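S.K.:
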Amino acid sequence: MRARINQAITFRDIAQYEEALECLDIALFFGPMNAKLIAERGRIHHLSGHWNWAIGDYQRALAMLSADAAQPGENPKVLKKRIYSWLQALLPAQACEEV
147 MRARINQAIT FRDIAQYEEA LECLDIALFF GPMNAKLIAE RGRIHHLSGH WNWAIGDYQR
207 ALAMLSADAA QPGENPKVLK KRIYSWLQAL LPAQACEEV
C-alpha cells in the first residue's frame with residue numbers, strides 16, 4: 147500500500163492526476179482509510195481543478211483527525227496544519243475557521 151501512495155505522490159508531482167487518483171483509489175480499497183490518504187486525494191483534486199471534491203476530501207480528513215487521534219502516518223497536528231493551508235487557498239478565511 148505504501149508503494150501506491152508514493153506512486154500517487156510522484157504522479158501528482160508530474161501533473162499526471164488521473165494516474166495519481168487511480169493509485170490512491172487502489173490504496174484506499176486495499177488498506178485502511180485514513181486522514182492522510184483522504185487529504186492526499188483532496189490535494190490531487192485541488193491541483194487538477196476539481197475544487198468541490200478537494201474541499202470535501204479536506205473536510206473529511208479533518209473530521210477523521212478530530213474523531214481519531216490515532217491516525218497512522220505523520221503527526222496529526224502537522225497534517226491538520228497542511229490541510230488548513232490547502233483549504234485557505236480555496237475558501238475565504240472565515241469559512242476555513244468554521245470547518
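For the sequence shown, counting from 1, position 21 maps to 167 in my numbering; every step adds exactly one.
Where is the CB? At the ideal position from N, CA and C, for every residue including glycine.
Computed from a predicted structure; not experimentally measured.
If you follow the alpha helix (DSSP H) that Q162 is part of, which residue opens it and which one closes it?
M.R.: If you number the sequence shown from 1, residue 162 lands on position 16. No alpha helix (DSSP H) contains Q162, which DSSP labels as neither H nor E.
S.K.: Between L236 and H192, is the Cβ-Cβ spacing less than 8 Å?
M.R.: The sequence position of residue 236 within the sequence shown is 90, counting from 1. The sequence position of residue 192 within the sequence shown is 46, counting from 1. Result yes, Cβ atoms of L236 and H192 sit closer than 8 Å.
S.K.: Using three-state DSSP, classify E220 as helix, strand or coil.
M.R.: Taking the sequence shown and counting its residues from 1, the one referred to as residue 220 is at position 74. E220 falls in the coil class under three-state DSSP.
S.K.: How about A185 and L225: are their beta carbons less than 8 Å apart?
M.R.: As a first step, residue 185 is located in the sequence shown; it is residue number 39 there, counting from the start. As a first step, residue 225 is located in the sequence shown; it is residue number 79 there, counting from the start. Against a cut-off of 8 Å, the Cβ pair of L225 and A185 comes out as a contact.
S.K.: Let me confirm a value: M179 is counted as buried when at least 16 other C-beta atoms fall within 10 Å, else exposed. Which label applies?
M.R.: Position 33 of the sequence shown, counted from the start, is the residue given in the question as residue 179. Label assigned to M179: exposed.
S.K.: Looking at the unbroken alpha helix (DSSP H) that takes in L237, where does it start and where does it end?
M.R.: To locate residue 237, count along the sequence shown from 1; it is residue 91. Element bounds for L237: n/a, residue is neither H nor E.
S.K.: For N221, which residues in the same chain have their Cβ closer than 8 Å to its Cβ, ignoring the five residues on either side in sequence?
M.R.: Along the sequence shown, one-based indexing puts residue 221 at 75. Excluding positions up to five away in sequence, the list is empty.
S.K.: What's the call for M147, buried or exposed, on a 16-neighbour Cβ count within 10 Å?
M.R.: Start at 1 with the first residue of the sequence shown, and residue 147 comes out as number 1. By the neighbour-count rule (16 or more Cβ atoms within 10 Å), M147 is not buried but exposed.
S.K.: So what's N180 in DSSP terms, helix, strand or just coil?
M.R.: Locating residue 180 in the sequence shown gives position 34, where the first residue counts as 1. N180: coil per DSSP, three-state reduction.
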